[in-house]
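Going by our numbering, the sequence shown opens with residue 276, and the numbers climb by one from there. The beta carbon of each residue, even a glycine, is placed where N, CA and C say it ideally should be. Computed from a prediction, not measured in an experiment: that's the story for all the values here.
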Amino acid sequence: MAVLGYCCVGSNGLEQAKIFYDALLGSAEISPMFEHPSGGRVYGKDGNHCFVVLGPYDGMPATVGNGAMSGFRFETRAEVDAFYAKARALGGTDERAPGERAPKFHMSYFRDLDGNKLCAYCTA
């Protein structure tokens with residue numbers, strides 16, 4: 276059986292991206308694990324890496340993937356709402372405020388400082 280191991284987003288402003296993600300992911304107890312050779316950072320929880328912000332390997336500018344999105348699963352609606360609010364407070368832009376999207380799916384959508392689309396959700 277396979278499970279998703281990690282997610283990467285590219286950035287053209289790695290220092291600002293690391294400040295954004297240190298604060299945002301830190302609010303969900305996801306911590307920096309080590310620096311990526313591109314100047315980015317690898318984040319994780321409980322010794323497992325799960326999210327990476329980096330400079331693209333090919334040296335070309337990072338671009339936003341049309342239709343690409345990374346989701347962070349939480350246990351409660353309050354955690355979803357808090358994560359969304361934290362992203363917005365850090366300069367992230369709204370894509371859709373927290374709310375019911377399908378039966379038992381409480382979801383929110385926002386973009387980071389480079390325009391990468393992220394989702395916070397729970398199934399409670």
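Close beta carbons around residue i, own chain, < 6 Å, minus the five adjacent residues each side
i, result
"Q291", "L388"
Supposed close pair residue i, residue j - CB separation, criterion 8 Å
i, j, result
"F326", "Y396", "Not confirmed; about 15 Å, so no contact."
Cutoff 8 Å: residue i Cβ touching any chain B Cβ
i, result
"D333", "Annotation note: the requested chain B is absent from the structure, which comprises a single protein chain."
Cα-Cα separation between residue i and residue j, rounded to whole angstroms
i, j, result
"L289", "A357", "24 Å"
"N323", "A377", "30 Å"
"K293", "G342", "23 Å"
"T338", "S345", "15 Å"
"G330", "Y296", "14 Å"
"P336", "N287", "6 Å"
"A399", "K392", "22 Å"
"S302", "K361", "8 Å"
"R371", "G334", "32 Å"
8 Å CB neighbourhood of residue i in its chain, flanking five on each side removed
i, result
"E304", "K320"
"Y332", "S313"
"F309", "R316 and V317"
Residue closest to residue i, alpha-carbon to alpha-carbon, out of the options
i, options, result
"F266", "S383, G340, E370 and A364", "Because the chain is modelled from 276 through 399, residue 266 falls outside the range shown and cannot be assessed."
Residue j beta carbon less than 8 Å from that of residue i
i, j, result
"F385", "Y359", "yes"
"L300", "L365", "no"
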